[in-house]
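Chains as they are written, first to last, in our numbering: chain G, 1 to 369; chain C, 370 to 691.
Each residue gets a CB set at the ideal place from its N, CA and C atoms; glycine is no exception.
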């Protein structure tokens with residue numbers, strides 16, 4: 001008896017798996033998607049905990065170290081013995097062409113959990129603890145410095161706060177609009193649908209980059225850069241919702257024919273409740289995939305805009321505006337480390353597409369575990 | 370068929386109205402009005418300003434201004450660009466051939482390369498060449514065009530290949546012979562064309578590969594093989610012809626964005642096209658020029674869509690015109 005029950009349990013197990021569990025099992029098998037997911041998690045954490053993880057502040061500049069090359073980290077003593085990592089201080093030997101040479105007379109070991117610049121944690125308390133740094137007298141620029149002698153490695157972390165999170169915030173806004181708009185249009189159909197869809201098509205029919213450019217001209221020039229960042233996010237969301245709304249509307253059109261919607265209508269649910277509680281949740285798996293795959297377009301739009309100088313403005317860092325210095329050809333050829341933020345954008349977008357593709361396959365009911 | 374096209378034409382009218390009013394609305398939101406920038410320019414006399422104000426009804430309420438601008442638009446008069454001191458239609462007209470040349474050639478190259486490669490990738494699924502190509506498409510889709518442009522600029526200047534690194538023509542272009550002119554422009558085009566076509570190619574290959582794979586799984590392919598047809602015939606006559614249909618929509622979109630799609634590349638490479646014009650216009654708050662660009666960009670996308678739908682209807686007999 002016991003045996004039969006056990007074997008029955010064994011048989012029933014697959015049926016108990018929820019859609020999400022199945023999807024997760026399928027996703028776990030896709031190595032590229034999982035790798036992408038982990039890299040993205042690391043990048044986001046790197047930005048969130050930027051204050052602690054990087055040695056310098058976002059706007060800390062050192063005019064005597066303009067275009068400082070990447071500091072070389074040494075692991076071996078000059079005699080060839082393995083030692084704790086250390087660096088040399090760099091001296092500027094040519095102030096016009098920004099040439100630097102390491103000063104090998106004194107080694108500066110890299111210290112961990114050092115005191116550095118003050119920063120506040122969530123506005124609650126102030127601290128000056130940094131993961132690593134070197135004694136004053138030398139500076140560590142892992143990825144070099146820019147025109148104002150600001151550490152590119154540190155600015156990458158802070159820039160990620162805009163470049164990475166603009167995708168997530170922008171998407172959240174445009175998705176909320178898209179869901180409600182597409183839901184209403186699809187549920188009511190007829191004239192309402194017709195008018196609503198024509199309006200969203202107008203937004204789709206203007207080339208999005210032109211629309212972005214024109215809208216960025218609307219922002220006054222003297223705007224504080226924090227507010228400008230917010231406004232750029234809103235603009236991106238304003239452009240992004242229309243495409244999502246269209247697809248959601250299409251799905252809602254077919255879902256509203258289902259019996260459970262008729263049942264909800266019969267027991268007297270309000271129309272708003274039917275749309276929000278019964279219809280929209282059924283579009284979820286599609287929406288999640290689409291959301292993941294459309295985050296890169298937000299990131300690319302922001303970085304493109306900031307790159308040409310109409311997006312996020314100095315002194316705030318974004319991966320796009322960090323690259324705008326490279327638009328100057330002589331800086332580009334002499335200080336190639338200015339290109340690093342571009343690789344960050346590239347890696348982020350690549351990871352999102354791997355992860356998104358993996359999600360799509362995982363949530364596709366036609367594929368099996 | 371004819372009636373379908375005519376109906377689609379009428380369907381464009383509300384869209385065009387929407388595009389023009391959205392463009393106008395955005396510029397209304399912008400700080401200052403059409404004449405603010407002009408008033409600060411000492412080159413422009415008070416009489417000219419007065420004439421402009423009268424011509425564009427700038428002292429009337431906003432909706433009147435819009436109607437005035439719209440009526441001018443219908444006569445292909447898009448207003449006056451104060452940055453260029455010339456009619457907007459003339460300024461845009463000057464730049465259109467440059468952009469068409471750049472995007473046109475890039476698009477043609479991309480399609481010519483991407484289609485065969487996409488087919489190959491699908492037919493030889495999971496072979497090493499497919500893996501390499503798939504990886505390339507991921508890279509090509511993920512790298513921002515303008516960043517690829519910067520990378521290429523860096524490589525070209527450091528390698529000393531002698532390729533020009535921006536602009537469209539060399540100094541003294543006017544005195545060149547025709548052959549020299551062609552060669553000069555071709556040299557200037559090398560990097561931007563490479564940048565643009567890489568982007569288009571990567572996404573196109575991905576589409577083509579998945580379309581062909583989708584078709585190859587279907588029953589009629591098995592039937593064709595069972596009939597004993599040669600594999601070449603199965604692929605090219607049965608699979609590919611069915612896999613191309615979804616690409617027609619993509620083609621329409623690319624046709625529509627032929628003027629606006631190259632904007633960032635043009636800006637990085639200093640190419641005198643519509644995209645870089647748009648940036649100059651936005652930066653200089655040249656209102657009529659910005660609105661003109663928005664409208665033209667929108668019209669192109671709608672027309673591209675229309676062309677795609679008509680082509681799709683022609684190529685796929687399953688689509689009816691009702």
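Status (buried if at least 16 other CB within 10 Å, exposed otherwise) for residue i
{"i": "residue 1 of chain G", "result": "The pLDDT assigned to residue 1 of chain G is 46, lower than 50, so where the model puts this residue is not dependable; a value taken from the coordinates is nonetheless given after this. Residue 1 of chain G comes out exposed."}
{"i": "residue 207 of chain G", "result": "buried"}
{"i": "residue 23 of chain G", "result": "buried"}
{"i": "residue 659 of chain C", "result": "buried"}
{"i": "residue 362 of chain G", "result": "buried"}
{"i": "residue 26 of chain G", "result": "buried"}
{"i": "residue 287 of chain G", "result": "buried"}
{"i": "residue 262 of chain G", "result": "exposed"}
{"i": "residue 384 of chain C", "result": "buried"}
{"i": "residue 220 of chain G", "result": "exposed"}
{"i": "residue 146 of chain G", "result": "buried"}
{"i": "residue 447 of chain C", "result": "buried"}
{"i": "residue 691 of chain C", "result": "Its pLDDT being 48, under 50, residue 691 of chain C is placed unreliably by the model, and the measurement read from it follows with that caveat. That one is exposed."}
{"i": "residue 118 of chain G", "result": "exposed"}
{"i": "residue 104 of chain G", "result": "exposed"}
{"i": "residue 209 of chain G", "result": "buried"}
Residue i and residue j closer than 8 Å at C-beta
{"i": "residue 526 of chain C", "j": "residue 329 of chain G", "result": "yes"}
{"i": "residue 48 of chain G", "j": "residue 168 of chain G", "result": "no"}
{"i": "residue 673 of chain C", "j": "residue 621 of chain C", "result": "yes"}
{"i": "residue 187 of chain G", "j": "residue 248 of chain G", "result": "no"}
{"i": "residue 217 of chain G", "j": "residue 399 of chain C", "result": "yes"}
{"i": "residue 228 of chain G", "j": "residue 313 of chain G", "result": "yes"}
{"i": "residue 339 of chain G", "j": "residue 519 of chain C", "result": "yes"}
{"i": "residue 237 of chain G", "j": "residue 174 of chain G", "result": "yes"}
{"i": "residue 395 of chain C", "j": "residue 662 of chain C", "result": "no"}
{"i": "residue 252 of chain G", "j": "residue 183 of chain G", "result": "yes"}
{"i": "residue 344 of chain G", "j": "residue 156 of chain G", "result": "yes"}
{"i": "residue 582 of chain C", "j": "residue 491 of chain C", "result": "yes"}
{"i": "residue 87 of chain G", "j": "residue 152 of chain G", "result": "no"}
{"i": "residue 513 of chain C", "j": "residue 300 of chain G", "result": "yes"}
{"i": "residue 309 of chain G", "j": "residue 318 of chain G", "result": "no"}
Coarse secondary structure for residue i, derived from DSSP in three states
{"i": "residue 691 of chain C", "result": "With a pLDDT of only 48 at residue 691 of chain C, under the threshold of 50, the placement of this residue in the model should not be trusted; the figure read from the coordinates follows. DSSP places residue 691 of chain C in coil when its eight states are reduced to three."}
{"i": "residue 379 of chain C", "result": "helix"}
{"i": "residue 94 of chain G", "result": "strand"}
{"i": "residue 454 of chain C", "result": "coil"}
{"i": "residue 489 of chain C", "result": "helix"}
{"i": "residue 83 of chain G", "result": "strand"}
{"i": "residue 105 of chain G", "result": "strand"}
{"i": "residue 99 of chain G", "result": "strand"}
{"i": "residue 68 of chain G", "result": "coil"}
{"i": "residue 88 of chain G", "result": "strand"}
{"i": "residue 631 of chain C", "result": "coil"}
{"i": "residue 317 of chain G", "result": "coil"}
{"i": "residue 217 of chain G", "result": "helix"}
{"i": "residue 138 of chain G", "result": "coil"}
{"i": "residue 588 of chain C", "result": "helix"}
{"i": "residue 428 of chain C", "result": "coil"}
Continuous beta strand (DSSP E) stretch holding residue i: start and end
{"i": "residue 311 of chain G", "result": "Where residue 311 of chain G is concerned, there is no enclosing beta strand (DSSP E), given that its DSSP letter is neither H nor E."}
{"i": "residue 624 of chain C", "result": "Run containing residue 624 of chain C: none in the beta strand (DSSP E); it sits in the alpha helix (DSSP H), 614 to 625."}
{"i": "residue 128 of chain G", "result": "125 to 133"}
{"i": "residue 76 of chain G", "result": "74 to 76"}
N- and C-terminal bounds of the alpha helix (DSSP H) containing residue i
{"i": "residue 120 of chain G", "result": "Per DSSP, residue 120 of chain G belongs to no alpha helix (DSSP H); it is in the beta strand (DSSP E), 111 to 121."}
{"i": "residue 44 of chain G", "result": "31 to 48"}
{"i": "residue 556 of chain C", "result": "547 to 585"}
{"i": "residue 400 of chain C", "result": "Neither: residue 400 of chain C is in no alpha helix (DSSP H) and is coded neither H nor E."}
{"i": "residue 524 of chain C", "result": "514 to 528"}
{"i": "residue 432 of chain C", "result": "431 to 443"}
{"i": "residue 542 of chain C", "result": "Looking at the DSSP string, residue 542 of chain C is not in any alpha helix (DSSP H), and its letter there is neither H nor E."}
{"i": "residue 194 of chain G", "result": "190 to 205"}
{"i": "residue 497 of chain C", "result": "497 to 511"}
{"i": "residue 672 of chain C", "result": "656 to 684"}
Item checked: Under 9 Å (Cβ pairs) to chain C, residues found in the region 210 to 221 of chain G -> 210, 211, 213, 214, 215, 216, 217, 218, 219, 220, 221
Next item on the list: May I ask you to list, following chain order, the residues of the region 515 to 535 of chain C that have a beta carbon less than 8 Å from some beta carbon of chain G?
Entry: 515, 516, 519, 520, 522, 523, 526, 527, 534, 535
Note to self: Beta carbons nearer than 8 Å to chain C: which residues of the region 186 to 203 of chain G have them?
What the structure shows: 198, 199, 201, 202, 203
Item checked: Members of the region 317 to 332 of chain G near chain C, C-beta cut-off 8 Å -> 323, 326, 327, 329, 332
Checklist line | chain C contacts from the region 332 to 361 of chain G (Cβ-Cβ distance under 7 Å) | finding: 332, 333, 336, 339, 342, 345, 346, 349, 350, 353
Note to self: At a CB distance below 7 Å, what residues from the region 653 to 682 of chain C approach chain G? Give them in sequence order.
What the structure shows: 654, 659, 662, 663, 666, 667, 670, 671
Next item on the list: Please list the residues of the region 270 to 302 of chain G that have a C-beta atom closer than 8 Å to any C-beta atom in chain C, keeping them in chain order.
Entry: 296, 300
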